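This report refers to the structure that appears directly beneath it.
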Amino acid sequence: REKSELEGGIDVRYAFSQMVSGNLTINPDFATVEADQEQINLTRFELSLREKRNFFLEGSEIYRQRISLFYSRRISDIYGGVKFYGKSGGYEFSGLSAQTKKDQLDGEDSANFTVFRLKKDVMKSSTIGFLAANKLIGGKNKGTAGIDTSLYFTDTFKFTGQFALSYGDYNNNNIAFFLRPSFDSATFHFHLRYTQLGRRFRDNANEVGFIRDDNRHELDSAVEKTFWLKKWGFERIKYRSNYNIYWGLDRNLRSWQINQELSLDLKNKFSLEIEHTQEFKGRDDEFFEKDFRNHETEFELGYNTREWQHAQISYGFGRNFDSDFQLVKGGLNYKITCGPAHQTFIG
């Protein structure tokens, strides 16, 4: 005679005040969560997967950072967890703690994940913040901590920055930071960003965060300009460019990439776009046996592309890691009834 098992769970939400609330979950049923859509990864870097579990999804915006110190998908199935969120006196704060079940696939023991986030409003619409995330497993702590800021000096000039460290198995080369001034107006954008990621920063940080790569000095800049014509059948012309280059901490060139894009919108809702990318990937003992020069050119014809319901078709060609390629893509967003809308993609 087989024994039957009765399983249940608890989800509680409590408002301590109008501005502070908390959540408790015990044995949540994550099996009902929508599965991840399959993705083809042609890069050497890990893919970032979207969080779909309500316990981690609600209020997760406060944890978003350029150098991602907390990534909730690192947390597997849990026995239970608690979290809180609130605002008071110009402060915004949030915290979360969850205990995972033992992973039956890789044999990893149960672990406790804890994260705390604090942000303070300064000046008009600027903020400074602090975040710490920790994984406690087998009596050892691994995690990240750091400060970040977003400062608006004028309506058009902004500065963002972040400084972080990771801890765990490696105690050296575990620092990361970035500095990014930018200028934005209705028709123009410019930014310049410098990022440094220590050689061992990712090894520690990815216990709780999401860091695609480390061991780099990186410079990134972009220029965008929009020209509104509204005559001769033309609506606008838009130019975009992005320039990125990074070296290893040993000063060896690892990669550079240049993107140039020119788009033309017509008054009849049709649009034309051309984009060209040049890329260099340097020899890397871990990934590449030699230097590579890649390039791609793409032409796109679209209709109503500035609205949700739109269509586009494109043709691209180039060379990628010593292989020539051609690519035809098409996409369509449409709504045929008063019910749900539909998306179609061909590529």
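First residue of the sequence shown: 1, per the UniProt record's numbering; consecutive thereafter. Even for Gly, the Cβ is constructed at its ideal location relative to N, Cα and C. From a predicted model like this one, the values you see are computed outputs, not experimental measurements.
When DSSP states are grouped into helix, strand and coil, E275 belongs to the strand group. For V328, the closest C-alpha among the options G107, L301, Y334 is that of L301. The closest CA to that of S60, considering only D324, D155, F116, R199, is found on F116. When DSSP states are grouped into helix, strand and coil, E61 belongs to the helix group. Contact annotation, L179 with Y167: C-beta distance approximately 23 Å; criterion of less than 8 Å not satisfied. Collapsing the DSSP output to three states places R216 in a strand. Judged by beta-carbon spacing, G161 lies beyond the 8 Å limit of K120, meaning their Cβ atoms are not closer than that value. Sequence-distant Cβ neighbours of N173 in its own chain, meaning closer than 6 Å and more than five residues away, are G198, R199, R200. By the C-beta density criterion, D109 is exposed, having fewer than 16 other C-beta atoms within 10 angstroms.
In this structure, the beta-carbon distance from T25 to D11 falls below 8 Å. The continuous alpha helix (DSSP H) containing D203 extends over residues 201-205. Residue F159 holds the alpha-carbon nearest to the alpha-carbon of F190 among E34, D169, K140, F159. If you look at G139, you'll find it isn't in any beta strand (DSSP E); DSSP assigns it neither H nor E.
Taking a 10 Å sphere around the C-beta of L47, we find fewer than 16 other C-beta atoms and assign the residue as exposed. In this structure, the alpha-carbon of D184 lies about 12 Å from that of F153. With the rule of 3 Cβ pairs closer than 8 Å, the region 139-149 does not count as touching the region 239-252. Listed in chain order, the non-local C-beta contacts of F292 below 6 Å within the same chain comprise K281, F321, local neighbours out to five positions each way being set aside.
Non-local C-beta neighbours of N134 in its own chain, meaning closer than 6 Å and more than five positions away in sequence, comprise T114, N141, G143, ordered along the chain. Residue environment for N54: exposed (fewer than 16 other C-beta atoms within 10 angstroms of its C-beta).
The beta carbon of R240 lies closer than 6 Å to those of E224, E261 in the same chain, with the five residues before and after it left out. It is roughly 37 Å from the alpha-carbon of A176 to the alpha-carbon of E273. Relative to P28, the option among Y79, F45, I237 whose CA is nearest is Y79. Closest by C-alpha distance to F325, out of N333, W308, H295, is H295. Straight across, the Cα-Cα distance linking A186 with W308 is about 22 Å. Secondary structure in the region 271-335: the beta strand (DSSP E) runs of 3 residues or longer, each lying completely within the stretch, are 292-303, 310-320, 323-334 in chain order.
By the Cβ-count criterion, N252 is exposed, with fewer than 16 other Cβ atoms from all chains shown falling within 10 Å of its own Cβ. M19 is positioned such that its CB atom lies closer than 8 Å to that of K87. Taking a 10 Å sphere around the C-beta of D250, we find fewer than 16 other C-beta atoms and assign the residue as exposed. Excluding the 5 residues flanking it on each side, F45 has same chain C-beta neighbours closer than 8 Å at R212, D213, in chain order.
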